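Trainee: What follows is a structure written as structure tokens; I'll ask about it next.
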Amino acid sequence: MTSGGISVKQQTRQVTRFAALVLPLLLIPYSWLIHTNILDASHYAGNTVFFAIMAPWVILSLIQVIFPASNKYGIVFRLSAYHAFVVAYILFVSGFTTPFIAAWSLLLFATYLYFAESGLYLNLITLAAVAMIDIALHLGDDLLVLSDTISVLSIVLIGIVISVLARIQEADSAELLRSKAKESLQRDRINTLINNLADAVISTDEKGNVQVYNAAALNLLDTNDNLNGRHINKILQVHGKDGQPVNIFEDFKQTRGMTVRDDLLMEIEDETIRLEITSSPIRSSYSRLKKPASPDGYMLILRDVTKAKSLEEERDEFISVVSHELRTPITVAEGTISNVQLMVERGNLPQDTLERSLASAHEQVMFLSRMVNDLSTLSRAERGIADASEPINVRELCESLYNEYAPQATKKKLHFNLDTAGKLGTITTSRLYLHELLQNFITNAIKYTKEGSITLLVERDGPMIRFEVKDTGIGISKSDQGKIFNKFYRSEDYRTRETGGTGLGLYVAAKLAKKLKTTIEVKSRLNHGSSFSVALPADDK
Ligand code: ADP
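Residue numbers (this note's numbering): 131 to 671.
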């Protein structure tokens, strides 16, 4: 837009410039008709004047077409010169006749184009002045006065029409600009929102080609590639649990509304991840009017639910196994107690039967109590309740464990050795977790050893303190060594089955070791004994 003018397209200015050149060219043959008296020649002032007007006029128009005025002053000068030629043509060649209307309309339009309303008024004032001069030059010609007045009024009318039309157009283009700005703000808002979402978002067109995606999508797909324009089926090569490939795009097309699928698997970097894909068709209100059935594209939200799903499945399985494991002792205890009750009611209860029944019920209740204990330790560890670390005096901890379990070992006629040679110092870790871990090893060692000894050995191993519980018990077969950390696993060995156990102890111990950022090392030989050990960093490395 040139300063002071109205906002119109560049093409409008170009067309106006060409019209400004064509007009004087057309006026030349018209003037010839005047010159030869075919048309009214009352204003014609002779050939010399005619050429003196037309030659510079055509030259100016040519210059304006080839080299349009680049600044405001250039435009003012050229427009004024053009006005002067038209005025001279009216006064000395044609008078206020048909070509004048065309010429002046063009002038009016050009002035309005560059100088808006002020240009329009100036142009109309000039016109009135020219009409007055013309009337003065031809005094006494009443017809001329009338024709000049009508011509001036026609031009004024054209001026009003031009200005009204231009205002309407200007209002339209301002509205367009406003709505474009609004739209781009809206787009920026949506882009910011999508980019800041933690979930991966991909939007496709109706053919399934990617149009928009966010950083989380690149993260999930583990790529830096530009996804724009690529087909969604190429990007999401998913398959079901049965390994059969799933045409995800066909899937979207089948459904009308929002759908969620969480049974899809995808290979990313040698890893199989479980995806949850929420897809919704995108329908613009415009396309809904046209074809209600087909959407303009699809919006997908992708989530890696591998961890959540496996945790969920693990939890479900755990609950089912725990309830199964609890059922047997509860049934046995309940059955024994109700038998005793019945016998008491009948009054024929031998003392030894009563003792055996109560011992059996007690054993089952003890089993239940051990299991509840193990479960509560597990739940504590999983919820991170005793995660807090504290400096622990290693020797003190081992002595207290020894004092706690020596009576049990002595009761079974086992030697319990505490071997804590050298300087042990302190370690900083969770006291509860470490205590429960070692206690688990010690109680197992006592449980699975019939004769001989058990030893709690604590020693310095470079920057680490190693805790080892050794026994001379029944030992663990090679095949069992790989399974003893599974939940509820108990060896099939009859000697294991003779003892009461939940099969949860080592599963909990492994969880605790993980919490303490260490691993349990097992060494064992069937019928010779076992050793369980963990190492933790000493405070004074
Ligand atoms: P539980 O002792 O309650 O059966 P655990 O999880 O503590 O459960 O142990 C799992 C299995 O590992 C036991 O059933 C047993 O077969 C074997 N086991 C654990 N510690 C020892 C040990 N010191 N000696 C021999 N076998 C052991």
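The C-beta atom is built at its ideal place from N, Cα and C for all residues, glycine as well.
In this text the structure is predicted, and so the values were computed from the model without any measurement.
Should N344 go down as buried or exposed, given a rule of 16 or more other Cβ atoms within 10 Å for buried?
Mentor: Label assigned to N344: buried.
Trainee: Of all the beta strand (DSSP E) runs that stay within the bounds of the stretch 485 to 542, which reach a length of 3 or more residues?
Mentor: Taking only runs of at least 3 residues, the beta strand (DSSP E) segments lying wholly in the stretch 485 to 542 are 520 to 523.
Trainee: Look up M594 in the DSSP assignment and give the residues it is bridged to.
Mentor: Answer is D591 and P667.
Trainee: Using the DSSP secondary-structure output, state which residues sit across from T408 in a beta bridge.
Mentor: Paired residue(s): V390 and I431.
Trainee: Per DSSP, what kind of secondary structure is E247 in: helix, strand or coil?
Mentor: If DSSP states are grouped into helix, strand and coil, E247 belongs with the helices.
Trainee: Is M396 buried or exposed, if buried means 16 or more other CB atoms sit within 10 Å of its CB?
Mentor: So M396 ends up on the buried side.
Trainee: Report the residue from P593, I196 and N349 whose alpha carbon sits nearest the alpha carbon of E399.
Mentor: When each option's Cα is compared against that of E399, the closest is N349.
Trainee: In three-state DSSP terms, what is K613?
Mentor: K613 falls in the coil class under three-state DSSP.
Trainee: For ligand 1, is there a heavy atom less than 7 angstroms away from the beta-carbon of A438?
Mentor: No.
Trainee: Ignore the nearest five residues each way along the sequence and tell me which others in L153's own chain have a CB closer than 7 angstroms to its CB.
Mentor: Closer than 7 angstroms at Cβ, skipping near neighbours: A232, A233 and L236.
Trainee: Could you check the C-alpha separation between E444 and Y619 for me, to the nearest Å?
Mentor: For E444 and Y619, the distance between alpha carbons rounds to 16 angstroms.
Trainee: Can we say the stretch 400 to 410 touches the stretch 446 to 459, given the rule of at least three CB pairs closer than 8 angstroms?
Mentor: Not touching, per the Cβ criterion.
Trainee: If you draw a straight line from the alpha carbon of R208 to that of I168, how long is it in whole angstroms?
Mentor: If you take the alpha carbons of R208 and I168, they lie about 33 angstroms apart.
Trainee: Run the proximity test for I604: is its beta-carbon closer than 7 angstroms to any non-hydrogen atom belonging to ligand 1?
Mentor: The answer is yes for I604.
Trainee: Taking the alpha helix (DSSP H) that K383 belongs to, which residues open and close that run?
Mentor: That run of the alpha helix (DSSP H) goes I378 to Q384.
Trainee: So does R655 have its beta carbon nearer than 7 angstroms to some heavy atom of ligand 1?
Mentor: False, no ligand heavy atom lies under 7 angstroms from that Cβ.
Trainee: Could you compute how far the alpha carbon of F379 sits from the alpha carbon of S440?
Mentor: Going by the C-alpha atoms only, they are around 26 angstroms apart.
Trainee: Taking 8 angstroms as the threshold (C-beta atoms), are T146 and F239 in contact?
Mentor: Yes, the pair counts as a contact, with Cβ atoms nearer than the cut-off.
Trainee: Do the stretch 601 to 616 and the stretch 516 to 534 touch if we need at least three Cβ pairs shorter than 8 angstroms?
Mentor: Too few Cβ pairs lie closer than 8 angstroms, so no.
Trainee: Are there any heavy atoms of ligand 1 lying less than 7 angstroms away from the beta-carbon of I572, as far as the coordinates show?
Mentor: No, the beta carbon of I572 sits no closer than 7 angstroms to any heavy atom of ligand 1.
Trainee: Should G134 be labelled buried (16 or more other beta-carbon atoms within 10 Å of its own) or exposed?
Mentor: Summary for G134: the model assigns pLDDT 49, below 50, so the residue's position carries little reliability, and this model does not support an answer.
Trainee: So what's S133 in DSSP terms, helix, strand or just coil?
Mentor: Any answer about S133 is weak, because its pLDDT of 43 lies below 50 and its placement is not dependable; what the coordinates show is given next. Note: S133 maps to coil in three-state DSSP.
Trainee: Report whether the distance from the Cβ of A702 to the nearest heavy atom of ligand 1 is below 7 angstroms.
Mentor: Shown here, the chain extends from 131 to 671; a query on residue 702 therefore has no answer.
Trainee: Have a look at E464 and Q471 and give me their C-alpha separation to the nearest angstrom.
Mentor: Taking the straight line from one Cα to the other gives about 11 angstroms.
Trainee: DSSP three-state call for A330: helix, strand or coil?
Mentor: Correct three-state label for A330: strand.
Trainee: Within its chain, find whatever has a CB closer than 6 angstroms to the CB of M501; leave out the 5 residues flanking it on each side and keep chain order.
Mentor: Excluding sequence neighbours, M501 sits near T632.
Trainee: Which residue marks the beginning of the alpha helix (DSSP H) containing N570, and which one marks its end?
Mentor: From DSSP, the alpha helix (DSSP H) with N570 extends over R561 to K577.
Trainee: Mind checking who E651 pairs with in its DSSP beta bridge?
Mentor: Per DSSP, S663.
Trainee: If I measure Cβ to Cβ from Y251 and keep anything under 8 angstroms in the same chain, skipping five residues before and after, which residues do I get?
Mentor: Nothing listed; no residue qualifies.
Trainee: For E529, tell me which candidate among A516, I320, P521 and T550 has the shortest Cα-Cα distance.
Mentor: The shortest C-alpha separation from E529 is found at T550.
Trainee: Nearest by alpha-carbon distance to N358: which of N503, S210 and V340 is it?
Mentor: Checking every option, the nearest Cα to that of N358 belongs to V340.
Trainee: Compare the Cα-Cα distances from I197 to each of T228, F180 and L151 and report the closest residue.
Mentor: Here the sequence assigns Phe to residue 197, which means Ile is not the residue at that position. Considering only alpha carbons, the answer is L151.
Trainee: Can you tell me whether H213 is buried or exposed? The criterion is at least 16 other CB atoms within 10 Å of its CB, across all chains shown.
Mentor: H213 comes out buried.
Trainee: Cutting at 6 angstroms between CB atoms, please list the residues of its own chain near M388, excluding the five before and the five after it.
Mentor: Excluding sequence neighbours, M388 sits near S410.
Trainee: Run the CB neighbour count on S191, radius 10 Å, all protein chains shown included, and call it buried at 16 or more, exposed below.
Mentor: It is buried - the Cβ of S191 has at least 16 other Cβ atoms within 10 Å.
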